[in-house]
Amino acid sequence: MPETRLRKLFNPWKSSSVNERPWEPTELRPRNRHPFRLCYLPICAAILLAVAIVGILALPAGASPQEALQDAANPDYRPFPIVGSRVAMWVVAQLHLMFAAFVLAVPMFALIIEIIGYVTKDKRYDDLAYEFTKLLSVSFSFTATLGAMLTFMLFILYPRVATYMVSIFSWTFFPYVFLFFLEALFLYSYYYGWGKFSPKVHLALGVCLNIVGTAIMFIADAWLTFMNTPNGISETGALVSLPDAINNFIWMPINIHRLIANMAFGGSIAAAYGAYKFLGAKTEEEKAHYDWMGYIGNFIAISALLPLPFAGYYLGKEIYAYSQSLGITLMGGTFSWLFIIQAILIGNLFLAANYYLWVSMERIEGAERFRRFIKYLLASVTITFIVWATPHSLVATVEEARQMGGAHHPMLGVLGVMSAKNTAVNVMILTTYISFLLYRRGNKEAIVPWAKTGNRVQFAIFAVTILFVIFLGVYGYFVEARVRIALSVPQVLAVLTAMISVTAIDIFMFKNAKKTGEIKWGQMPDRAQYALFFIALTFAWTMGLMGYVRAGMRQHWHVFGVLQDTSPDAFTPTLGFASNVISVTVLIFFLFISIVFWLSGLSGKKPWEPKAVDAVRSAESVGTERAVEAPE
Amino acid sequence: MNIVVLLAIAAGLIALRFLKPNSLAWSSATWVAVYVFLRYGVVPPVPASVLTMFMFIITLSLAVYLTTTEDRLKEVSNAFVSFFTDKKYTIPLVVALIGLPFIVAFRVYQNLTQLPDPPVVGRTIHPPPPATITFKGRQVDLVDEDNPYRELETSDPTAFAEHVSNGRLVYYQNCVKCHGDNMVGDGLFARGFNPIPANFQDPTTIAMLQESYLFWRIAKGAPGLPVESTPWSSAMPAWETFLSEEDIWDVILFMYDFTDQRPRAKEVHE
Ligand code: HEM
Chain U
2 MPETRLRKLF
12 NPWKSSSVNE
22 RPWEPTELRP
32 RNRHPFRLCY
42 LPICAAILLA
52 VAIVGILALP
62 AGASPQEALQ
72 DAANPDYRPF
82 PIVGSRVAMW
92 VVAQLHLMFA
102 AFVLAVPMFA
112 LIIEIIGYVT
122 KDKRYDDLAY
132 EFTKLLSVSF
142 SFTATLGAML
152 TFMLFILYPR
162 VATYMVSIFS
172 WTFFPYVFLF
182 FLEALFLYSY
192 YYGWGKFSPK
202 VHLALGVCLN
212 IVGTAIMFIA
222 DAWLTFMNTP
232 NGISETGALV
242 SLPDAINNFI
252 WMPINIHRLI
262 ANMAFGGSIA
272 AAYGAYKFLG
282 AKTEEEKAHY
292 DWMGYIGNFI
302 AISALLPLPF
312 AGYYLGKEIY
322 AYSQSLGITL
332 MGGTFSWLFI
342 IQAILIGNLF
352 LAANYYLWVS
362 MERIEGAERF
372 RRFIKYLLAS
382 VTITFIVWAT
392 PHSLVATVEE
402 ARQMGGAHHP
412 MLGVLGVMSA
422 KNTAVNVMIL
432 TTYISFLLYR
442 RGNKEAIVPW
452 AKTGNRVQFA
462 IFAVTILFVI
472 FLGVYGYFVE
482 ARVRIALSVP
492 QVLAVLTAMI
502 SVTAIDIFMF
512 KNAKKTGEIK
522 WGQMPDRAQY
532 ALFFIALTFA
542 WTMGLMGYVR
552 AGMRQHWHVF
562 GVLQDTSPDA
572 FTPTLGFASN
582 VISVTVLIFF
592 LFISIVFWLS
602 GLSGKKPWEP
612 KAVDAVRSAE
622 SVGTERAVEA
632 PE
Chain C
10 MNIVVLLAIA
20 AGLIALRFLK
30 PNSLAWSSAT
40 WVAVYVFLRY
50 GVVPPVPASV
60 LTMFMFIITL
70 SLAVYLTTTE
80 DRLKEVSNAF
90 VSFFTDKKYT
100 IPLVVALIGL
110 PFIVAFRVYQ
120 NLTQLPDPPV
130 VGRTIHPPPP
140 ATITFKGRQV
150 DLVDEDNPYR
160 ELETSDPTAF
170 AEHVSNGRLV
180 YYQNCVKCHG
190 DNMVGDGLFA
200 RGFNPIPANF
210 QDPTTIAMLQ
220 ESYLFWRIAK
230 GAPGLPVEST
240 PWSSAMPAWE
250 TFLSEEDIWD
260 VILFMYDFTD
270 QRPRAKEVHE
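Structure follows, in structure tokens:
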């Protein structure tokens, strides 16, 4: 009961009467009473440099001394030169998020790959896991630096928000810093300790690293989810219950969504790394190795991509549950346009992922027999993509709207609603799964006696699942909204069951299967590698976009319904502007990550030696010196 | 859907089959067929913004189709090369080289000579509601309050029916001229407005909204829409000055009853 009551008391929708109850600094700012100001000192110490830089940049250009004094007395905001505070925070926060996602994801799959290597005793996997881990140490420093920058920018540019957040979450900073310390410890021992410990100890280090990393993310998620769906506070915004503040409505959904999305993102970046190395490879072995690396990275990305939509809908549902207003802003309001862009991006992801698998079959001897299915799989992806991207309310000219009789097209309108979209996503996921299944079978032929039956059963499972999913989708049009939303659960379960049961059958059916040919690693057309770049880029862009959605949906609130944004930036930028900021952020991210790739590649380079010409010259100079010396 | 266009497209594609075209020609034909279908085959026409998006997706997947296997890629690149170099294609080549710029020029001409249209805006139909509103001095809580007569549906069906029939009266006295006899938003005056009145039969209007949301929209009308949704110009009157609270709840009951829809229920956490 307290949650909803509180929320109600604590009206999130004061927007129409915002001026009646402005935020009261004295009420909320427990500055001097607060015992925990020391808590962020350790971070400060570590990254003073960032502050200095930011501090200098943040000085209001050309402010007179009096103004500066007045500002310094009690500012709510401080300006940032040229781009303004909002954009500066936005870019830094997003960069930090992307690096953090990468740093959290890589240990997850490095560990999984290491375990595979340990179980199968295949040295290749161990090497690959190590190669991924090599990317970590530099990215870790980048993440920390960006995080420090973010923190300081928050304190410098948004002191009021920062103070308020500290008043709520002060207690969480200690474990955060401590965990960060542990993370460094485990990360470096995992990395430098490669091959130096018994495999079991090393694996245990990897497990610890992942646990700590996840815990860090959970804490940080508490802060940011609180800003969207504040909880556990009194009517005046003061903290009542820290556990409630942490476990707010969207904390768990975001934890889950991020955990999976990070994995997908990390996989795609690792795959892009493989692609980049592949394109620059000189020898056949190198090509084969990096082809394989790209494949594994992509496999991780796609595996994580498949459950993401489900996690996303859970998140969406909780946002709605917290407040219809936020839910409507997100899905039916201003931000619904961003979801159309998101749908296009994700459709592209699925298309590119399938494309990569199909092109990959070219390098498998025996996979030719599956070529004829590609057409149908492609048709399925295309149709579901179209359905998914069909907007709910359309951008139409007056003339078009008149012809349609409203903002909803009678035919397209049918495709624009949740039922159709859920169905489309589920079918898209199944299609991608089928592509992968065919890929897996490329060079294998089942020799178990029940192979034919097995195939038929698998086919039947797919057919029944797809029919069931479509049936529920259509049925959704005839029931009320809440039932309709609930229908997505059986849809998802059906798809999951189908994938699990088909995989199970497949494993037994292809045990000791006859090999009809080799996988010719390395014989991969370059265009498949570009598809991997495309996937990584699209992922990064999706992340940037959704990060913006998450922050932007609060509109003119810092903390939704509690702390109003009274800065000059308290408006929702146009889609075009937002896209530009996201694009620039993504570019910077790729610039940084290239630096990371380059740095991690350095250790593998041959030691520096003087160039041949230099060597001769230095020998000569030595000679002349001697010659000069000689007469003496 | 326009059956004639559909049949024409199908006939064209079947005819093309007999010419045994290569993949490139076949894909181009598919592209054109989809375009013609979406542009002329769907009634009412698909808005240009959506058409562009669909064609973008189609283009992408055709590109995927043409480049997945090595063989097809070769076939396509050979087709391209021979189109530009083979003597036998001289006439089509010349036609294409002259025709393409001409088509572009024609589009430019068309765009420039079009009657001026107000700029296209991505309008949000359902802005976030406030938490409370004042209705004739009384504070109405939109978060927790629900239609007070909804429960009668099960507890006292006769009383419920009375409320619904009062709602019918309210609707036909006040709303029908805009929202129409069948509630599809095509009343007598409807054509005069932009945006046109809401279509309540559409599953994306009242069926996905809570009753308190409708109460707000009916009571406050266009003038009561929040700042977030500016610029906004809708003709929906603010009915609080004309109708009683009961009338509004009644007309809401009637709207759901008539369209056979259910209001969105409140979500519960966990
Ligand atoms: C195929 C479906 C989806 C994919 C591939 C996807 C992917 C992603 C990715 C990559 C991120 C960035 C994660 C991060 O920053 O750590 C993200 C964040 C987000 N997604 Fe999704 N998503 C999907 C569906 C949805 C749906 C249906 C919703 C509905 C509400 C949603 C809402 C969000 C929000 C609000 C965020 C920002 C939260 C944050 O910053 O972590 N997503 N999504």
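Top line first, the protein sequences correspond to chains U and C. Be aware that the first sequence starts at 2, since it is given in my numbering, and climbs by one per residue. Be aware that the second sequence starts at 10, since it is given in my numbering, and climbs by one per residue. Don't be surprised by glycine CBs; every beta carbon is placed ideally from N, CA and C.
Check	Outcome
Measure the C-alpha to C-alpha separation of U:I435 and U:V470 and round it to an integer number of angstroms.	16 angstroms
What did DSSP end up calling C:Q148 once you bin it into helix, strand or coil?	strand
Could you tell me the distance, in whole angstroms, from the CA atom of U:G118 to the CA atom of U:W195?	13 angstroms
What separation, rounded to the nearest whole angstrom, lies between the Cα atoms of U:T547 and U:A282?	It is worth fixing the name first, because residue 547 of chain U is Met in this sequence and not Thr. So the two alpha carbons sit approximately 35 angstroms from each other.
Kindly list the residues whose CB is nearer than 7 angstroms to the CB of U:K288, restricted to its own chain and excluding five residues on each side of it in sequence; keep chain order.	F279, A282, G523
Would you report the Cα separation of U:T586 and U:A579, rounded to the nearest angstrom?	11 angstroms
At what residue ranges does the stretch 365-443 of chain U contain a whole run of the alpha helix (DSSP H), taking only runs of 4 or more?	372-390, 399-405, 413-416, 419-442
What whole-angstrom Cβ distance do U:I320 and U:L327 have, given they're in contact under 8 angstroms?	5 angstroms
Run through the DSSP bridge pairs and tell me what U:L564 is partnered with.	U:V560
So, does the CB of U:S326 fall closer than 9 angstroms to a CB anywhere in chain C?	yes
With a threshold of 16 other CB atoms inside 10 Å of the CB of U:P450, please say whether the residue is buried or exposed.	exposed
Is C:T141 helix, strand or coil by DSSP?	strand
Output the boundary residues of the alpha helix (DSSP H) element that contains U:P176.	160-193
Out of C:E254, C:G108, C:P54, C:D211, which has the shortest C-alpha to C-alpha gap to C:N175?	C:E254
Is DSSP giving U:K515 helix, strand or coil here?	strand
Measure from the C-beta of C:S58 to each C-beta in chain U and report whether the shortest distance is under 9 angstroms.	yes
Using a beta-carbon distance below 9 angstroms, is U:E132 in contact with chain C?	no
Looking only at its own chain, which residues have a Cβ that is under 7 angstroms from the Cβ of U:W558, when we skip the five neighbours before and after it?	L564, Q565, D566
If you measure from the beta carbon of C:A140 to each beta carbon in chain U, is any gap under 9 angstroms?	yes
Could you give the uninterrupted runs of the beta strand (DSSP E) lying entirely in the stretch 259-312 of chain U, keeping only those of 3 residues or more?	none
Does any residue of chain C bring its CB to less than 9 angstroms from the CB of U:I329?	yes
Among U:L260, U:V92, U:T432, U:M228, which has the Cα closest to the Cα of U:I375?	U:T432
State whether the stretch 141-148 of chain U contacts the stretch 115-132 of chain U, with contact taken as three or more CB pairs (one from each stretch) at a distance under 8 angstroms.	no
U:K318 by DSSP, collapsed to three states: which one?	helix
Which residues in the same chain have their Cβ closer than 6 angstroms to the Cβ of U:Y177, if we skip the five residues on either side of it in sequence?	I220
Is it right to say C:D256 is buried, meaning 16 or more other beta carbons lie within 10 angstroms of its own, or is it exposed?	buried
Rounded to whole angstroms, how far is the Cβ of U:A265 from the Cβ of U:F540, which I believe are closer than 8 angstroms?	7 angstroms
State the start and end residues of the unbroken alpha helix (DSSP H) segment that holds U:S326.	325-328
Hey, does C:T283 have any beta-carbon neighbour from chain U nearer than 9 angstroms?	An answer regarding residue 283 of chain C cannot be provided, because it is not within the stretch 10 to 279 covered by chain C.
Tell me the DSSP secondary structure of U:E446 in three-state form.	strand
Would U:G348 count as contacting chain C if we go by Cβ distances under 9 angstroms?	yes
Are the beta-carbon atoms of U:F336 and U:M554 separated by less than 9 angstroms?	yes
With distances taken Cα to Cα, identify the nearest neighbour of U:A452 among U:L533, U:G238, U:A514, U:P608.	U:A514
At which residues does the alpha helix (DSSP H) containing U:N211 begin and terminate?	200-229
Please list the partners that C:I227 has in chain U, where partner means a Cβ-to-Cβ separation under 7 angstroms.	Under the 7 angstroms cutoff, chain U gives no residues; its nearest Cβ is about 17 angstroms from C:I227.
If we define contact as Cβ-Cβ less than 9 angstroms, is U:T226 a contact residue for chain C?	no
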